[in-house]
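From first to last, the protein sequence lines stand for chains H and E. Under numbering that gives the first Met the number 0, the first residue of the first sequence is numbered 0, with each subsequent residue one higher. Under numbering that gives the first Met the number 0, the first residue of the second sequence is numbered 0, with each subsequent residue one higher. Presented below is the structure to which this report refers.
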Amino acid sequence: MAQVLHGRGPVTATANKSRKKRPFLLDLYSTAVGKKYAMAITGIGLMGFVLFHMIGNLKMYFGAADLDHYAEFLKKLLYPLAPKGAVLWILRGGLIAMAFIHIHAAVSLTRLNRTARPVRYQSERDYQVANFASRSMRWTGVTVFLFLVWHLLDLTFGVTNTVGADGEFIRANVYDNVVRSLDRWPVAAFYILANIALGIHLFHGAWSLFQSMGWNNPRFNKWRQAFATGFATVVVVGNVSFPIAVLAGVVGG
Amino acid sequence: MSNHLKDITLKIWRQSGPNDGGHFETYKVDEISDEASFLEMLDYLNERLINEGNEAIVFDHDCREGICGTCSLMINGQAHGPERATATCQLHMRKFKSGDSITIEPWRAKAFPIVKDLMVDRSAFDRIIESGGFITSPTGGAPDANLIPIPKPVADAAMDSAECIGCGACVAACPNGAANLFTSAKIAHLNLLPQGQAERYKRVEAMVETMDEYFGSCTNHGECEAACPKEISIDVIALANADYRKAKVKNRKQLARN
Chain H
0 MAQVLHGRGP
10 VTATANKSRK
20 KRPFLLDLYS
30 TAVGKKYAMA
40 ITGIGLMGFV
50 LFHMIGNLKM
60 YFGAADLDHY
70 AEFLKKLLYP
80 LAPKGAVLWI
90 LRGGLIAMAF
100 IHIHAAVSLT
110 RLNRTARPVR
120 YQSERDYQVA
130 NFASRSMRWT
140 GVTVFLFLVW
150 HLLDLTFGVT
160 NTVGADGEFI
170 RANVYDNVVR
180 SLDRWPVAAF
190 YILANIALGI
200 HLFHGAWSLF
210 QSMGWNNPRF
220 NKWRQAFATG
230 FATVVVVGNV
240 SFPIAVLAGV
250 VGG
Chain E
0 MSNHLKDITL
10 KIWRQSGPND
20 GGHFETYKVD
30 EISDEASFLE
40 MLDYLNERLI
50 NEGNEAIVFD
60 HDCREGICGT
70 CSLMINGQAH
80 GPERATATCQ
90 LHMRKFKSGD
100 SITIEPWRAK
110 AFPIVKDLMV
120 DRSAFDRIIE
130 SGGFITSPTG
140 GAPDANLIPI
150 PKPVADAAMD
160 SAECIGCGAC
170 VAACPNGAAN
180 LFTSAKIAHL
190 NLLPQGQAER
200 YKRVEAMVET
210 MDEYFGSCTN
220 HGECEAACPK
230 EISIDVIALA
240 NADYRKAKVK
250 NRKQLARN
């Protein structure tokens with residue numbers, strides 16, 4: 000009755016099959032576990048970015064001069080050892096590469112997972128521990144990415160900013176640009192929603208990376224979810240405070 | 000005194016063969032003892048179907064003691080049904096109420112094709128086990144017991160992983176159809192013990208890469224751990240991930256020597 004579905008080869012010693020020779024990182028990346036490593040490592044890098052981005056933006060509470068000076072400082076990282084903007088561009092290059100790898104791995108793993116269950120359950124699943132965050136990673140990720148595109152158009156290129164419409168977007172006037180953008184309540188609402196999506200993404204991602212990296216130890220296991228919750232909270236509270244502060248007139252009032 | 004459950008409605012997946020589309024069929028069980036196991040309830044139904052001249056419902060079962068890993072069944076959307084740390088065969092009707100409606104589906108994964116009705120072919124697990132190969136151990140006269148000392152916590156951790164009965168509930172419960180819990184339990188059980196050290200890194204590389212050919216990938220939902228009748232922790236997945244990373248480096252170095 001049970002048909003032979005896969006050819007049964009002889010039982011052999013381990014790892015006799017010689018795999019296609021590839022550079023080490025590509026070889027690692029070719030497997031699902033390797034891709035999860037890529038997601039975790041790039042995730043850590045991007046987490047570092049969102050944290051420092053939020054901390055840097057707190058400067059707006061000290062006023063226009065402080066925030067604009069901070070933006071200038073970023074351009075002058077390691078200056079005069081390195082030319083102006085060089086270090087910033089290296090960091091940007093790293094971020095773009097990490098975002099690309101993170102998204103590429105996510106897309107290819109999602110496709111793998113879809114093919115792993117071509118016929119879905121025909122009755123309703125009753126999930127026990129999978130939570131909203133873990134089940135919505137793809138959607139919160141897409142939301143954050145779309146927000147990122149908008150965010151760059153808004154505050155880096157000025158295309159969707161009100162000052163952009165006037166035709167005189169001055170990128171160095173960071174404080175004014177932020178205030179004029181977030182003073183529009185639909186924009187502020189979008190910022191808040193996108194940051195909540197980011198928080199949900201981090202709530203699962205910042206825990207999940209420990210498992211993917213193989214960081215599991217009875218000494219700190221119980222702190223892993225607490226870390227993820229705390230990290231997500233700090234980033235979201237910091238980021239969401241900016242549009243609220245602008246609308247309330249605390250910043251730029 | 001045993002009680003009886005009345006009016007159980009069963010919605011059971013019927014599929015005549017691997018290439019059939021399949022559909023749900025509804026059956027009524029008017030009365031059943033709450034001491035009956037879930038599989039005994041199906042036996043009871045099957046006997047009736049046979050007496051009525053209908054084809055019995057095909058499902059996997061063997062030891063009915065919760066140790067062989069043959070029984071499966073997605074019961075009301077949960078692998079092995081609503082009771083924690085319990086295989087389907089150890090689930091009893093006392094967990095249900097009179098008038099309940101119970102939906103039964105087979106495991107669903109590309110690597111687990113349906114043979115008939117509720118029975119699936121889980122031989123993809125055998126491919127993973129085979130790729131793990133053997134351990135090197137001295138042969139000849141029977142060695143003395145406890146010849147190799149193993150610290151108690153290590154032996155316990157290895158035993159926890161070795162509890163895996165290979166039922167496939169982890170794959171069935173995983174939203175991604177991943178087999179990381181099964182594979183990692185098998186990896187952890189040998190990799191933790193001194194006897195498993197000689198082939199440790201070869202084994203993890205071969206098993207993880209064989210797993211890749213059949214199954215999805217882990218996104219750390221934790222559904223597998225919740226469904227596992229042996230309550231194997233997803234800690235073993237982290238251990239296998241760490242060993243896989245080390246293996247890729249070590250095996251590469253060793254192969255470079257040849």
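Every residue gets a Cβ at the ideal spot worked out from N, C-alpha and C, and that includes glycine.
Beta-ladder partner(s) of residue i, from DSSP
i        : result
E:Ala78  : E:Met73
E:Met118 : E:Lys115
E:Thr25  : E:Lys10
E:Thr102 : E:Lys10
E:Lys5   : E:Glu30
E:Ser36  : E:His91
E:Gly215 : E:Ala177
E:Ala108 : E:Phe111
Closer than 9 Å to chain H by CB, residue i
i        : result
E:Val207 : yes
E:Arg107 : yes
E:Cys217 : yes
E:Gly77  : Correcting the residue type first, residue 77 of chain E is Gln in the shown sequence and not Gly. At least one chain H Cβ lies under 9 Å of E:Gln77.
E:Asn240 : yes
E:Phe23  : yes
E:Glu224 : yes
E:Thr85  : no
E:Met158 : no
E:Asp61  : no
E:Ile233 : yes
E:Arg244 : yes
Same chain, Cβ closer than 6 Å to residue i, five either side skipped, listed in chain order
i        : result
H:Val3   : Its pLDDT being 46, under 50, H:Val3 is placed unreliably in this model, and the coordinates cannot settle the point.
H:Ala244 : Val250
H:Ile95  : none
H:Gly256 : What is shown of chain H runs 0 to 252, which leaves residue 256 of chain H out entirely.
H:Ile199 : Ala132, Thr139
E:Gln89  : Gly65
E:Gly215 : Asn175, Gly176, Ala177
H:Val86  : Leu76, Leu77
Residue from the options with nearest C-alpha to residue i
i        : options                                : result
E:Gly263 : E:Asp59, E:Asp116, E:His91, E:Arg63    : Nothing about residue 263 of chain E can be reported from this structure: the residues present for chain E run from 0 to 257 only.
H:Thr159 : H:Val186, H:Ala171, H:Leu197           : H:Val186
E:Ser160 : E:Ser216, E:Ala187, E:Thr8             : E:Ala187
E:Asp19  : E:Phe58, E:Ile113, E:Ser97, E:Thr87    : E:Ile113
H:Ala39  : H:Trp88, H:Gly213, H:Leu66, H:Ser133   : H:Gly213
E:Ile56  : E:Gln14, E:Trp106, E:Arg63, E:Ile74    : E:Gln14
E:Thr87  : E:Asn175, E:Pro193, E:His79            : E:His79
H:Arg91  : H:Gly44, H:Tyr174, H:Val173            : H:Gly44
E:Asn2   : E:Ala184, E:Glu34, E:Gly131            : E:Glu34
H:His52  : H:Ala70, H:Ala37, H:Lys35              : H:Ala70
H:Gly47  : H:Tyr78, H:Leu24, H:Ala98              : H:Ala98
E:Glu212 : H:Leu25, H:His101, H:Gly93, H:Thr114   : H:Thr114
H:Val143 : H:Arg124, H:Phe241, H:His101           : H:His101
H:Ala31  : H:Gly229, H:Gly248, H:Gln121, H:His103 : H:His103
E:Asn240 : H:Leu208, H:Ala247, H:Asn220, H:Leu108 : H:Leu208
E:Ala197 : E:Ile236, E:Glu224, E:Lys249, E:Lys151 : E:Lys249
Cβ of residue i within 9 Å of any chain E Cβ
i        : result
H:Lys221 : no
H:Arg119 : yes
H:Ser122 : yes
H:Ser211 : yes
H:Trp214 : yes
H:Ala37  : no
H:Phe150 : At residue 150 of chain H the sequence reads His, which differs from the Phe that was named. For H:His150, the answer is no, since every Cβ of chain E falls outside 9 Å of its Cβ.
H:Val32  : yes
H:Met97  : no
H:Ser135 : no
H:His101 : no
Any non-hydrogen atom of the ligand HEM closer than 8 Å to residue i Cβ
i        : result
E:Pro150 : Because no ligand of any kind appears in the structure shown, any question about the ligand HEM cannot be addressed here.
Own chain residues within Cβ distance below 7 Å of residue i, not counting five before or after
i        : result
E:Asp259 : For residue 259 of chain E there is no data in the structure shown, the boundaries of chain E being 0 and 257.
E:Glu24  : Ile11, Arg13
E:Met210 : Ile127, Ala178, Thr182
H:Asn15  : Here H:Asn15 scores only 49 on pLDDT, less than 50, and its place in the model is too uncertain to base an answer on.
E:Arg256 : none
Close-in-space but distant-in-sequence residues of the same chain around residue i (CB under 8 Å, 5 per side omitted)
i        : result
H:Val236 : none
H:Val239 : Tyr190, Ile191, Asn194, Ile195
H:Arg21  : Ser29
E:Pro150 : none
Subject >> Cβ contact (3+ pairs, closer than 8 Å) linking the region 228-237 of chain E and the region 73-87 of chain E >> reply: yes
**OP:** Kindly confirm or deny that the region 188-196 of chain H and the region 2-16 of chain E touch, where touching means at least three C-beta pairs closer than 8 Å.
**Re:** Below 8 Å, too few C-beta pairs join the region 188-196 of chain H and the region 2-16 of chain E to call them touching: fewer than three.
Original post:
For the 8 Å Cβ check, are there 3 or more pairs between the region 103-113 of chain E and the region 190-208 of chain E?
Top reply: no
Original post:
Per the contact definition of three or more C-beta pairs closer than 8 Å, is the region 61-73 of chain E in contact with the region 126-144 of chain E?
Top reply: no
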